[in-house]
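Everything below concerns the one structure shown next.
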Amino acid sequence: MITGLIENIQETARKNMLSGQLIANRIHDSAMLKAMGTVDRELFVPERLKSRAYADESIYINARNIMFSPRILANLLLLAEPDKDDFVLDVRCGTGYSSAVMAHMTKAVVALESDSDMCEAAQQILINSQIDNVAVLNQNPEQGFAAQAPFDIIFIDGIISQIPENLLSQLSEKGRLVCVVAKDSDTIGKVTKVKKINGNMSYMTPFDVDLSGFSRFPFYKNFVFETIS
């Protein structure tokens, strides 16, 4: 009975996220709404943060990994122009939430995470969620994954100071890379899209992300998914 009540609360929160954060902010892409309405966001955060899973705020999972707010993530992913036939590289995937969303919108996702514990947690969450078109690999995200390149979409989770050349070299023709670029002291992050056209990289910065409310280097000692055995 208690489990059913919690599931109902989470389902209501997910519906409110769609209507209050996405649709209310002119995000009407049906594939995006379906994907974000399907993936259980609360599964991808530690137990201590589950009450904030659907809030209109970005969540720091640990000192290096961030889950963008649903609204920011949706806008970033739409900028990548996901298609059902796309092959995706998700860089610094953290617990795998962005990978899970993209898995519902594209053909397959390779997700990279350097933290071995978090990588293992992401793998287990995706298995439990019955998402079988994502491969989570424990390796240096900045190196990309040349063995499976090129990629139609490269998505970089979190905030970076510059785009690694290794990743740009792994874009397919007409491929898109999307990320948020900011220096450590910046209060505004530049959302950056790179598109490969005729072998050349075309750059655009369509909008900014306000980082003034972001704690850039928080530290949580306990990264524990209590629901995972």
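Take any residue in the sequence shown, note its place counting from 1, add 5, and you have its number in this note's numbering. Positions of the beta carbon are idealized from the N, C-alpha and C atoms, including for glycine.
Contact check, residue i vs residue j, beta carbons under 8 Å
i: ASP213; j: ILE193; result: yes
i: LEU83; j: MET41; result: no
i: GLY98; j: ALA58; result: Residue identity check: residue 98 is Cys in the sequence provided, not Gly. No, the Cβ-Cβ distance between CYS98 and ALA58 is not below 8 Å.
i: GLN175; j: PRO155; result: yes
i: MET206; j: VAL196; result: no
i: PHE73; j: ILE130; result: no
i: CYS124; j: VAL141; result: yes
i: ASP61; j: GLN26; result: yes
i: VAL93; j: PHE150; result: no
Reduced DSSP category for residue i - H, G, I as helix; E, B as strand; rest coil
i: ASN171; result: helix
i: MET209; result: strand
i: ARG181; result: strand
i: LEU216; result: coil
i: GLY42; result: helix
i: GLY194; result: strand
i: GLY204; result: coil
i: PHE156; result: strand
i: GLY163; result: strand
i: PHE49; result: helix
With 16 other Cβ atoms within 10 Å as the buried cut-off, status of residue i
i: TYR208; result: exposed
i: GLN167; result: exposed
i: SER121; result: exposed
i: ARG181; result: buried
i: ASP95; result: buried
i: ILE28; result: exposed
i: GLN144; result: exposed
i: GLU52; result: exposed
i: ASN70; result: buried
i: SER104; result: buried
i: PHE224; result: Here the model assigns PHE224 a pLDDT of 30, short of 50, so the residue's position is not dependable, and the following value carries that caveat. That one is exposed.
i: ASP157; result: buried
i: SER63; result: buried
i: HIS240; result: The structure shown does not extend to residue 240, since the chain spans only 6 to 234, so no value can be given for it.
i: ASP88; result: exposed
i: THR43; result: exposed
i: LYS201; result: buried
i: ARG31; result: exposed
i: GLU47; result: buried
i: ALA85; result: buried
i: ASP91; result: buried
i: ILE66; result: buried
CB contact below 8 Å: residue i versus chain B
i: SER74; result: Included in the structure is just one protein chain, with no chain B present.
The ligand HEM heavy atom lying under 7 Å from the CB of residue i
i: MET107; result: This structure lacks the ligand HEM, and indeed carries no ligand of any kind.
- Three-pair Cβ contact test at 8 Å for the region 179 to 188 versus the region 112 to 120: Touching, no.
- Message: My parser needs the beta strand (DSSP E) runs of 3 or more residues fully inside the region 101 to 147; what are they?
- Response: When DSSP assignments are scanned along the region 101 to 147, the uninterrupted stretches of beta strand (DSSP E) that are 3 or more residues long and fall wholly within it turn out to be 113 to 117, 139 to 142.
- Message: Tell me whether the region 73 to 91 and the region 136 to 151 touch, counting them as touching only if at least three CB pairs, one residue from each stretch, are closer than 8 Å.
- Response: A contact between stretches requires three or more CB pairs, one per stretch, nearer than 8 Å, and the region 73 to 91 fails this requirement with the region 136 to 151.
- Any alpha helix (DSSP H) of 4 or more consecutive residues that is wholly inside the region 62 to 99: Within the region 62 to 99, the complete alpha helix (DSSP H) runs of at least 4 residues are 75 to 84.
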